[in-house]
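Enquirer: Right, I'll just put the structure down here and ask away after.
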Amino acid sequence: MELAAAKLIGAGLAVIGVVGSGIGIGNIFASFISAVGRNPAARNDVFPMTMLGFALVEAIALFALVVALVILFG
């Protein structure tokens, strides 16, 4: 197998982490909307944890993207 083909396959496999991140972000905001729908008074208590969860899950997507770029251009 040529090196260029191996790099493309490796970068494609590294980006699979972005799919999981998208699913995680969807779950976080679905739970947030459900919680606020059930108890609107708790919005101010739930929102900071929602943003923290979003930031942590988004960081995983960024790490996957960086790994893919390192494989491609490294």
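Count along the sequence shown starting at 1, add 3, and that's the number in this note's numbering.
Ideal Cβ placement from N, Cα and C applies to all residues, glycine included.
Can residue 74 and residue 20 be called in contact, C-beta distance under 9 Å?
Expert: Contact flag unset, no.
Enquirer: Under the rule that 16 or more other beta-carbon atoms within 10 Å means buried, what is residue 12, buried or exposed?
Expert: With fewer than 16 other Cβ atoms within 10 Å, it is exposed.
Enquirer: Count the other CB atoms, across all protein chains shown, that sit within 10 Å of the CB of residue 31; report buried if there are 16 or more and exposed otherwise.
Expert: The residue is buried, with at least 16 neighbouring Cβ atoms inside 10 Å.
Enquirer: Please report the straight-line C-alpha distance between residue 28 and residue 55, rounded to a whole angstrom.
Expert: Their backbone Cα atoms lie some 11 Å apart in a straight line.
Enquirer: Tell me the residue span of the alpha helix (DSSP H) that contains residue 61.
Expert: Run containing residue 61: 46–76, per the alpha helix (DSSP H) assignment.
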